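Asker:
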Amino acid sequence: MKIKNIIFDWSGTLCDDVKSSYLATKHTIRHFGGPHLTFRQYREQFDLPVWKFYKKHCPTTHVNEIDKYYFNYFARIVGAPLAAPRYGVTRERAQQARAQQAAPLLFKQIPQILKTAQAMGLKLFIYSTVRQDLLEKWCHRHHIKNFFEVIGGSVRDKERGLKSFCRRYGLKAKETLFIGDMEHDVRAAKKAGVLSGAMLCGYHAEKRLLDLAPDFVWNDLQGLMKFVCTLMDGSFDSAQGPQRFPVAERSRSQPIFPIPTVGALIFNKEDILLIQTHKWSHTFGIPGGKIKQGETMNQALKREILEETGLRIKEIRFAMVHDSIDSQEFYKKGKHFLLLNFYAISQSRHVVLNDEAQAFVWVSLGQALKLRLNHPTRVLIQHYLKS
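Mapping to our numbering: the sequence shown position 322 is 313, numbers consecutive.
1. What number of angstroms, rounded off, separates the C-alpha of Arg294 from the C-alpha of Lys270?
2. Counting only the same chain and skipping the five closest in sequence on each side, list residues whose C-beta sits under 6 Å from that of Lys154.
3. So, with DSSP's three-state summary, where would you put Pro233?
4. Leaving out five residues before and five after Phe23 in sequence, what residues of the same chain have Cβ atoms less than 7 Å from its Cβ?
5. Report buried or exposed for Leu379, applying the criterion of at least 16 other Cβ atoms within 10 angstroms of its Cβ.
6. Run through DSSP, which three-state label would Arg178 get?
7. Mapping DSSP to helix, strand and coil, what is Leu364?
8. For Arg308, which of helix, strand or coil comes out of DSSP?
9. For the region 246 to 265 against the region 295 to 303, are there 3 or more C-beta pairs whose distance is under 8 Å?
10. Within the region 82 to 167, note down every full alpha helix (DSSP H) run reaching 4 residues or more, in order along the chain.
11. Would you kindly work out how many angstroms separate the C-alpha atoms of Val312 and Leu215, rounded to a whole number?
12. Taking DSSP as the reference, what is the three-state secondary structure of Thr327?
13. Would you call the CB atoms of Ala348 and Gln267 closer than 8 Å?
14. Measuring alpha carbon to alpha carbon, tell me which of Ile263, Arg151, Pro278 ends up nearest Asp176.
15. Could you compute how far the alpha carbon of Cys220 sits from the alpha carbon of Thr107?
16. Does the region 96 to 104 come within contact of the region -4 to 7, defined as at least 3 CB pairs closer than 8 Å?
17. Rounding to the nearest angstrom, what Cα-Cα distance links Ile277 and Ile(-2) in this structure?
18. May I have the straight-line CA-CA distance separating Arg31 from Ile(-6), to the nearest angstrom?
19. Here's the rule: buried if 16 or more other CB atoms are within 10 angstroms of the residue's CB, otherwise exposed. What is Phe248?
20. Would DSSP call Met173 helix, strand or coil?
21. Is Ile307 closer than 8 Å to Asn289 when the C-beta atoms are compared?
22. How far does the beta strand (DSSP E) with Ala350 in it extend, from its first residue to its last?
23. Taking 7 Å as the limit between beta carbons, can you name the residues of its chain near Gln123, skipping five residues before and five after?
24. Taking the alpha helix (DSSP H) that Phe30 falls in, what are its first and last residues?
25. Compute the distance between the beta-carbons of Asp211 and Tyr194, then report whether it is under 8 Å.
26. Look at Ala189 and Lys361 and say whether their C-beta atoms are less than 8 Å apart.
27. Go through its chain and collect everything with a Cβ distance to Ala310's Cβ below 6 Å, but skip five positions before and after it.
28. Run the CB neighbour count on Asp8, radius 10 Å, all protein chains shown included, and call it buried at 16 or more, exposed below.
29. Return the CA-CA distance between Thr167 and Thr287, expressed in angstroms with no decimal places.
30. Alpha carbon to alpha carbon, how far is Lys305 from Asn(-4)? Give it in angstroms, no decimals.
31. Please report how far the alpha carbon of Leu162 lies from the alpha carbon of Thr274, in whole angstroms.
32. Using the three-state DSSP reduction, which class does Lys(-5) fall into: helix, strand or coil?
33. Please give the ranges of any beta strand (DSSP E) in the region 187 to 220, keeping only runs that are unbroken, at least 3 residues long and fully inside the region.
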């Protein structure tokens, strides 16, 4: 029961349309007598289902009227036919010019991600609140329509509808991943019982998404591409964990002695750094690696952290030793690691991952414990909190 189906949200996930959406939302609220909405306010307040958001700003207007005006204006931004009203005055032309500058664009990495996923035999779907005809038009315009089994638009409430959508198209929950960029998307996935994936570069801020503990996160589309490639080599199974080595191969590759490794719980003010990697079944954990011949533990730790995250650490303190023997989470069977764990501090939060990880997050200790941590990392955090 590996991941076989991926359902994508559209806005902020496949398409960079936050500016056009804000512009249409701002004009819609003003049209119905609501207050002026700044871009910052929009990013902080906007959520789905959309009627809850509009109820705060246009409490006397029915959501159907709002939807009609919004999508008419939105269609104009993207160059689709506009039903009414028709504008010709100079002020409106200036607005139209600004709107065209804010027209949504497909994220440039998306075609390659879709092509790779389709080549692997994954079934791809779209499930979005964007109006159905606009979705189909954009997919056709950007030459991605044929990648999808179903393009599902005009969704009012994903939390209510995603489970039915999966049932309608025969998608088994443990084989299905829903990828979005808003709290509503993560909540919808959890309610439907499917795996949840959060893009941290879309509409909602990182903290809002991480508070809901999605199963997977990606800082950008490069991270999503790396994730898709791990599905290609069969390194993740949503039900059973990582792929297993055949018994004969396992016995040949298994070392005689435990492998000593170093890792660190890295602090920046009140937050800690966690990375998500396919090597540990896409769970969150601390960065680290093996000690090379002739290295001290501290030298190995500094080198591994720099290679994996681009960070330079200081104030290194020994934390604990943890035995990891034939972990069910590790992607290779039969490994015995002697995990030498440390605490350290980084002055920088600018992380540059190498190929070993797909995503990173800076989170509080409380947030960390909500996430899908690998067992050694959970033990280390709990040890820190106790001590």
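All C-beta atoms in this analysis are idealised placements derived from N, C-alpha and C, irrespective of residue type, glycine included.
The model shown is predicted, which means the values in this text are computed figures rather than measured ones.
Answerer: This is what the structure gives:
1. 19 Å
2. Ala183
3. In this predicted model, Pro233 has a pLDDT of only 40, less than 50, meaning its place in the structure is not dependable; the value taken from the coordinates is given anyway. The answer is coil: DSSP assigns Pro233 none of H, G, I, E or B.
4. Cys49, Thr52, Ile57
5. Coverage of the chain is limited to positions -8 through 378, which leaves residue 379 absent and any answer about it impossible.
6. Arg178: helix per DSSP, three-state reduction.
7. strand
8. strand
9. yes
10. You should have 101 to 110, 123 to 132, 149 to 159.
11. 33 Å
12. Correcting the residue identity first, residue 327 is His in this sequence and not Thr. Here His327 sits in strand by DSSP.
13. With contacts defined as CB atoms closer than 8 Å, Ala348 and Gln267 qualify as a contacting pair.
14. Arg151
15. 8 Å
16. yes
17. Using only the alpha carbons, I get a separation of about 29 Å.
18. Spanning the two alpha carbons is a distance of roughly 36 Å.
19. Exposed, because fewer than 16 other Cβ atoms sit within 10 Å of the Cβ of Phe248.
20. coil
21. yes
22. 350 to 354
23. Gly144, Ser145
24. 30 to 36 is the extent of the alpha helix (DSSP H) around Phe30.
25. no
26. no
27. Asn332, Phe333, Tyr334
28. buried
29. 44 Å
30. Asn(-4) and Lys305: Cα-Cα distance of roughly 43 Å.
31. Straight-line spacing of the CA atoms in Leu162 and Thr274 works out to 24 Å.
32. Looking at Lys(-5) - three-state DSSP - the assignment turns out to be coil, as it is neither helix nor strand.
33. 207 to 209
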